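Trainee:
There are 2 protein chains.
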Amino acid sequence: MSSAYETLVASFTKLYRYQHLASIVAWDQAAMMPSKGNDARGAAMAELAVLMHDTLTAPQLAPAFEAAKAESSDAIETASVREMRRQWQIANLLPASLVEAKSLAGTRCEHAWRTQRKANDWTGFLENWRPVVAAVRQEATLLAEATGLTRYDALVDRFEPGMTTAVIEPMFADLKRWLPPLIRDVVAKQRTEEVVRPTGPFPIAAQRALGLEVMKLLGFDFEGGRLDVSTHPFCGGVAEDVRITTRYSEDDFVQALMGVVHETGHARYEQRLPREWVHLPLGQARSMGIHESQSLSFEMQIGRSRPFLTLIAPLVRQHLGDQPAFEIENLVKIYTRVRPGFVRTESDELTYPMHIILRFEIERALIEGEIEPEDVPSLWDAKMHEYLGMDTKGNYRDGCLQDIHWTDGAFGYFPSYTLGAMYAAQYFAAIRARMPDLDGRIAAGDLAPVFAWLDEQIWSQASRWPTPELVERATGAPLTATHFERHLRSRYLNA
Amino acid sequence: MSSAYETLVASFTKLYRYQHLASIVAWDQAAMMPSKGNDARGAAMAELAVLMHDTLTAPQLAPAFEAAKAESSDAIETASVREMRRQWQIANLLPASLVEAKSLAGTRCEHAWRTQRKANDWTGFLENWRPVVAAVRQEATLLAEATGLTRYDALVDRFEPGMTTAVIEPMFADLKRWLPPLIRDVVAKQRTEEVVRPTGPFPIAAQRALGLEVMKLLGFDFEGGRLDVSTHPFCGGVAEDVRITTRYSEDDFVQALMGVVHETGHARYEQRLPREWVHLPLGQARSMGIHESQSLSFEMQIGRSRPFLTLIAPLVRQHLGDQPAFEIENLVKIYTRVRPGFVRTESDELTYPMHIILRFEIERALIEGEIEPEDVPSLWDAKMHEYLGMDTKGNYRDGCLQDIHWTDGAFGYFPSYTLGAMYAAQYFAAIRARMPDLDGRIAAGDLAPVFAWLDEQIWSQASRWPTPELVERATGAPLTATHFERHLRSRYLNA
Chain A
0 MSSAYETLVA SFTKLYRYQH LASIVAWDQA AMMPSKGNDA RGAAMAELAV LMHDTLTAPQ
60 LAPAFEAAKA ESSDAIETAS VREMRRQWQI ANLLPASLVE AKSLAGTRCE HAWRTQRKAN
120 DWTGFLENWR PVVAAVRQEA TLLAEATGLT RYDALVDRFE PGMTTAVIEP MFADLKRWLP
180 PLIRDVVAKQ RTEEVVRPTG PFPIAAQRAL GLEVMKLLGF DFEGGRLDVS THPFCGGVAE
240 DVRITTRYSE DDFVQALMGV VHETGHARYE QRLPREWVHL PLGQARSMGI HESQSLSFEM
300 QIGRSRPFLT LIAPLVRQHL GDQPAFEIEN LVKIYTRVRP GFVRTESDEL TYPMHIILRF
360 EIERALIEGE IEPEDVPSLW DAKMHEYLGM DTKGNYRDGC LQDIHWTDGA FGYFPSYTLG
420 AMYAAQYFAA IRARMPDLDG RIAAGDLAPV FAWLDEQIWS QASRWPTPEL VERATGAPLT
480 ATHFERHLRS RYLNA
Chain B
0 MSSAYETLVA SFTKLYRYQH LASIVAWDQA AMMPSKGNDA RGAAMAELAV LMHDTLTAPQ
60 LAPAFEAAKA ESSDAIETAS VREMRRQWQI ANLLPASLVE AKSLAGTRCE HAWRTQRKAN
120 DWTGFLENWR PVVAAVRQEA TLLAEATGLT RYDALVDRFE PGMTTAVIEP MFADLKRWLP
180 PLIRDVVAKQ RTEEVVRPTG PFPIAAQRAL GLEVMKLLGF DFEGGRLDVS THPFCGGVAE
240 DVRITTRYSE DDFVQALMGV VHETGHARYE QRLPREWVHL PLGQARSMGI HESQSLSFEM
300 QIGRSRPFLT LIAPLVRQHL GDQPAFEIEN LVKIYTRVRP GFVRTESDEL TYPMHIILRF
360 EIERALIEGE IEPEDVPSLW DAKMHEYLGM DTKGNYRDGC LQDIHWTDGA FGYFPSYTLG
420 AMYAAQYFAA IRARMPDLDG RIAAGDLAPV FAWLDEQIWS QASRWPTPEL VERATGAPLT
480 ATHFERHLRS RYLNA
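As structure tokens, then:
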């Protein structure tokens, strides 16, 4: 006897297999594909996007969801249906033609961006970008009409379920209040510190070997994943085969190494998602903010900490040779250096949230129709002046062309980064409360207790609970910026 | 107004996009994927195989093919419909359940084979292989019933349209008559020749750089393709993005280099298929035998020839360092050395057809039900004794476990290799008739006239003509083994 739940499971298992194909060819596009393959790839990915959309909008799903309500089910099955329903509802609001148009426009825009960014070619980019923005606005309008959310919130909700501008704006207003003065204080304090610059070149093969060793230390499973290179580092692939990327510069290993630590945080979440649910929405990562909370647990809570740098300093010397810059005091200074800059992905823990607030404000206005694509550069420049005191006029490459997210229409994603930083700070406050000797353990390479906590509280829970409940179960309290502020003041002012 | 032809084009374009996904993830599986990704990949590929099958068996195709008959159409459109109909008819004979069962069994068997071959584990392999053979026999039975062909011929026909055992067996009987004595004569002649062995190690990075340079010389378009590594070298990907692989050994560059030349022949055929038809069966490669005729044109007709070795000798010295073994006379001896061996892919031009005849005879008997999977090792051993005077008892690794083809059910493919060798010899007889100074041109690096001939006669023709007509148009005569025999006697006995 096939129950309604089994019908749903069959459809979502099929969807999961299509997502597998989509993830692998997307990784390939970013990490492997030669340029002339792009048009055919774009067409194939668009066809697959339509297929996934068709799978989620198949007529037999509506009666199955209806019948599933009436079936007796345990708590797990109830949560599983809740997560399937979420994806189904979103998909059923969007016509296939719009899904295809967005995918095609996004693929074209993203591919051209890879050269246009280097060429600082805003005009060329704008031409490809308008259709992307137009498609996303249509999408947002349809989602907003159905959910009662604003257009922007309807997009945010897909990445961070339950999160709205009404929650984010006050939290970001709070950050805007205390963070810029804190940045100024830290910059002033660091002005008198001497930092020894590491002297390159650092051969890419050596950097890669170092990165692989640090991934091993952080528990990455190499039988279920890879490390490669792409323009914009990311964690892709599928839970059973996680593909992370980084980008190398021979002059500087600092960014690439910490980038690998960051992506390894994403990767371990994926690699430890519960295998018995992996083919269902229930078994997939909770949200983009929770995903980012894992990468930032690895990068910010562990990676840039003095005990972790103490642990890996010998590996750095082993792979890159010894030099004065690799003394532990100096490594700590390098990895906690605060300096306002143009580029989000190269920015430090303190200025990063200001980059996010800038993007949040611009993309919200863009999606709500308060501004147009051509308004972005001047607005970007104005906010960079206000938040970080920097001028980006005419510098599109390091301004509004720097990120991949907007090129393929991932609007509403950016807030997740700073939500993730706040979640991570809150986890580690909870871990420290249970484990007062945490720093000593990390310095000794005993990372197992931290991973055990994350595994038990976050990784193994997948999408079992709504985000607020997941965080509250794990830390004993709802999300607050308090732990984040305390973490930053402690790390940067010893306060 | 949408004509029947346009309906067909829309369906086959969709199919082409699905094939794109299938090709890229298959390449990834062989060249990139870590081991734990295999189960999910197998499931995703099986789902995609079902989808492609569903696309080819969609109910609207039958009336569209019927209506297309009545439409006035030009010669190109007629050929296009002929090629679409061919794929459609084969697919409609096979139920989705069988397609999925074969794909799953094949993926599992192939993956396990990658370790079982190394471990010489015939018993372990046999367990995974039985379901593959069972599925292929079912497939062959269904195809045979519908076409009136024998079961084995029904499989051959998919790789080499129009080719049957009735044509192959007399041609192979001819080879069995003159080739073993020729092998004996050449081995006797070469016994007195001294060959200087190249002295390694040859670093893999240097071998790769040399391979890339030779690919460039042979016209490979790197904006539309890549070179990577896999256990079993192949040419995959899609026409717009061709992925070739090789495998390296630090001790020996000879095989890897000529393997790259071989795969580049496949690659150029794909890269030069006419772009206006690339999304339709009409625009795809004619057959596996014609495909192999391109790789063997590159490897046997060009690559192992004295003029080509003269051309690349300086590159070999540049990348691998100078040594006496790299003198041109010695390179010619290395690349025309004849010595019966166990492994097909490492065997020479003269003994290779005997490996093929052995496989043809075994797989034909297996598919026709004259033998069972467990009979293969002893039969293999008996034929190796008879054809090449070698003992393979207990050596499965270098015996019946050496090839990838049978692991995922590609029975009926092997004859294509030797048909390809005969096609290639016939092309070059035609080219030489028009270009008496061919050797001088090749030695001078002037390969353009050869590529122009192949482009005009073969590459640009795609599936425009049935195979026999394509070969006759190109060379002025139907396929015969005469040119092949003449080529071999000339190269190996100066006769």
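Taken in sequence, the protein lines are chains A and B. Using numbering that gives the first Met the number 0, you'd call the opening residue of the first sequence number 0 and step up by one each time. Using numbering that gives the first Met the number 0, you'd call the opening residue of the second sequence number 0 and step up by one each time. Beta carbons are placed, not taken as given, at the ideal position from N, Cα and C, and that holds for glycine. Being a predicted model, the structure only gives us computed values, none of them experimental.
1) For a contact meaning CB atoms closer than 7 Å, what does A:G147 contact in chain B?
2) Measuring only the C-alpha atoms, how far is A:P313 from B:D407?
3) In the DSSP assignment, find the alpha helix (DSSP H) that holds A:C108 and state where it starts and stops.
4) Look at the alpha carbon of A:W464 and the alpha carbon of A:A78, and state the distance between them as a whole number of angstroms.
5) Please list, in chain order, the chain A residues whose beta carbon lies closer than 7 Å to that of B:S34.
6) Sorted by chain position, which residues of the same chain lie with C-beta nearer than 8 Å to A:T496's C-beta, five sequence neighbours on each side aside?
7) Going by beta carbon distance, what residues of the same chain come within less than 6 Å of A:Y491, once the five residues before and after it are set aside?
8) Could you tell me whether the stretch 183-202 of chain B touches the stretch 215-226 of chain B, using the rule of 3 or more Cβ pairs below 8 Å?
9) Rank A:F252, A:E249 and A:G258 by C-alpha distance to the C-alpha of A:F233 and give the top, closest one.
10) Give me whichever residues DSSP pairs with A:S415 in a beta bridge.
11) Note the first and the last residue of the continuous alpha helix (DSSP H) segment covering A:G123.
12) Does DSSP put B:M0 in a helix, in a strand, or in coil?
13) Count the other CB atoms, across all protein chains shown, that sit within 10 Å of the CB of A:P352; report buried if there are 16 or more and exposed otherwise.
14) So for A:I243, helix, strand or coil by DSSP?
15) Kindly indicate which three-state DSSP category A:G236 falls into: helix, strand or coil?
16) Which residue or residues does DSSP assign as beta-bridge partners of B:S248?
17) Listed in chain order, which residues of the stretch 8-39 of chain A have Cβ atoms closer than 8 Å to some Cβ of chain B?
18) Is B:A409 close to chain A, meaning its C-beta is less than 7 Å from at least one C-beta of that chain?
19) Measuring alpha carbon to alpha carbon, tell me which of B:P273, B:E326, B:G302 and B:Y334 ends up nearest B:Q456.
20) Name the residues in the stretch 81-103 of chain A whose C-beta lies less than 7 Å from a C-beta of chain B; which are they?
21) Would you kindly report the start and end of the unbroken alpha helix (DSSP H) that includes B:D498?
22) Using a Cβ distance threshold of 8 Å, determine whether the stretch 276-294 of chain A contacts the stretch 79-98 of chain A, with at least three qualifying pairs required.
23) Expressed to the nearest angstrom, what Euclidean distance is found between the alpha-carbon atoms of B:N167 and B:L178?
24) Helix, strand or coil, according to DSSP, for B:R196 in the structure here?
25) Can you tell me which of the three DSSP states A:A424 falls into?
26) Does B:E109 get closer than 7 Å to chain A when you measure Cβ to Cβ?
27) Whether or not the stretch 422-439 of chain B and the stretch 106-126 of chain B are in contact is what I'm after, with contact meaning three or more pairs of Cβ atoms, one per stretch, closer than 8 Å; do they touch?
28) Under 7 Å, Cβ to Cβ, is there at least one residue of chain A near B:E5?
29) Under 7 Å Cβ to Cβ from B:Q254, same chain only, skipping five residues before and after it: list those, please.
30) Beta-carbon of B:D380 versus every beta-carbon of chain A: anything under 7 Å?
31) Determine the chain A residues that contact B:V237 at a beta-carbon separation under 8 Å, and present them in chain order.
32) Between which two residues does the alpha helix (DSSP H) carrying A:G224 extend?
33) Just to confirm, is the Cβ distance from B:Q293 to B:Y334 under 7 Å?
34) In chain B, which residues lie with their C-beta within 8 Å of the C-beta of A:D240?
35) Alpha carbon to alpha carbon, how far is A:T54 from B:R113?
36) Within the 7 Å Cβ cut-off, does B:E46 reach chain A?
Mentor: Per the coordinate set shown:
1) Taking the first residue of the first sequence as 1, we reach residue 147 of chain A at position 148. Neighbours of A:G147 on chain B: none; closest Cβ ~36 Å, over 7 Å.
2) As a position in the first sequence, residue 313 of chain A is number 314, starting the count at 1. As a position in the second sequence, residue 407 of chain B is number 408, starting the count at 1. Computed Cα separation, rounded: 47 Å.
3) In the first sequence, the residue the question calls residue 108 of chain A occupies position 109. Segment A95 to Q115, the alpha helix (DSSP H) holding A:C108.
4) The residue you call residue 464 of chain A lines up with position 465 of the first sequence. The residue you call residue 78 of chain A lines up with position 79 of the first sequence. Whole-angstrom Cα-Cα distance: 7 Å.
5) Stepping through the second sequence from its first residue, residue 34 of chain B is reached at position 35. Result: E222.
6) In this structure chain A extends from 0 to 494, so residue 496 of chain A is not present and cannot be described.
7) For this step, residue 491 of chain A is matched to residue 492 along the first sequence. Cβ within range, chain order: V185.
8) no
9) One-based indexing of the first sequence puts residue 233 of chain A at position 234. The candidate whose alpha carbon is nearest that of A:F233 is A:G258.
10) Indexing the first sequence from 1 puts residue 415 of chain A at position 416. Its beta-bridge partners do not exist; DSSP assigns none.
11) The residue you call residue 123 of chain A lines up with position 124 of the first sequence. Where A:G123 is concerned, the enclosing alpha helix (DSSP H) stretches over W121 to T146.
12) Your numbering for residue 0 of chain B matches position 1 in the second sequence. Since pLDDT at B:M0 reaches only 36, below the 50 mark, its modelled position is unreliable, and no value is offered.
13) Counting from 1 along the first sequence, the entry for residue 352 of chain A is found at position 353. Buried.
14) By 1-based counting over the first sequence, the position of residue 243 of chain A is 244. A:I243: strand per DSSP, three-state reduction.
15) Walking along the first sequence from the start, residue 236 of chain A turns up at place 237. Correct three-state label for A:G236: strand.
16) As a position in the second sequence, residue 248 of chain B is number 249, starting the count at 1. DSSP lists B:D251 as partners of B:S248.
17) K13, R16, Y17, H19, L20, I23, V24, D27, M31, M32, P33, S34, K35, G36, D38 and A39
18) Looking up residue 409 of chain B in the second sequence gives position 410. By this cut-off, B:A409 is not an interface position.
19) Mapped onto the second sequence, residue 456 of chain B falls at position 457. Looking at the Cα atoms, B:P273 is the closest of the given residues.
20) none
21) The shown model of chain B, from 0 to 494, leaves out residue 498 of chain B, and the question about it has no answer.
22) yes
23) Translated into the one-based positions of the second sequence, residue 167 of chain B becomes position 168. Translated into the one-based positions of the second sequence, residue 178 of chain B becomes position 179. It is worth fixing the name first, because residue 167 of chain B is Ile in this sequence and not Asn. Roughly 16 Å between the two C-alpha positions.
24) Within the second sequence, the letter at position 197 stands for residue 196 of chain B. B:R196: coil per DSSP, three-state reduction.
25) By 1-based counting over the first sequence, the position of residue 424 of chain A is 425. If DSSP states are grouped into helix, strand and coil, A:A424 belongs with the helices.
26) Residue mapping note: residue 109 of chain B aligns to position 110 of the second sequence, counting from 1. It does not: the Cβ of B:E109 has no partner Cβ on chain A nearer than 7 Å.
27) no
28) Looking up residue 5 of chain B in the second sequence gives position 6. Chain A contact via Cβ: absent.
29) Indexing the second sequence from 1 puts residue 254 of chain B at position 255. Taken in chain order, the residues that qualify are E345.
30) Position 381 of the second sequence, counted from the start, is the residue given in the question as residue 380 of chain B. So, not an interface residue.
31) In the second sequence, the residue the question calls residue 237 of chain B occupies position 238. Per Cβ cutoff of 8 Å: G36 and A39.
32) Translated into positions along the first sequence, residue 224 of chain A becomes position 225. Where A:G224 is concerned, there is no enclosing alpha helix (DSSP H), although the beta strand (DSSP E) it sits in stretches over G224 to V228.
33) Within the second sequence, numbered from 1, the residue matching residue 293 of chain B stands at position 294. Within the second sequence, numbered from 1, the residue matching residue 334 of chain B stands at position 335. No, these two residues do not count as a Cβ contact at 7 Å.
34) On the first sequence, residue 240 of chain A is found 241 positions in, with the first residue counted as 1. Under the 8 Å cutoff, chain B gives M32, P33, K35, G36, A39 and R40.
35) As a first step, residue 54 of chain A must be located in the first sequence, where it is residue number 55. As a first step, residue 113 of chain B must be located in the second sequence, where it is residue number 114. Going by the C-alpha atoms only, they are around 34 Å apart.
36) One-based indexing of the second sequence puts residue 46 of chain B at position 47. For B:E46, the answer is yes, since a Cβ of chain A falls inside 7 Å of its Cβ.
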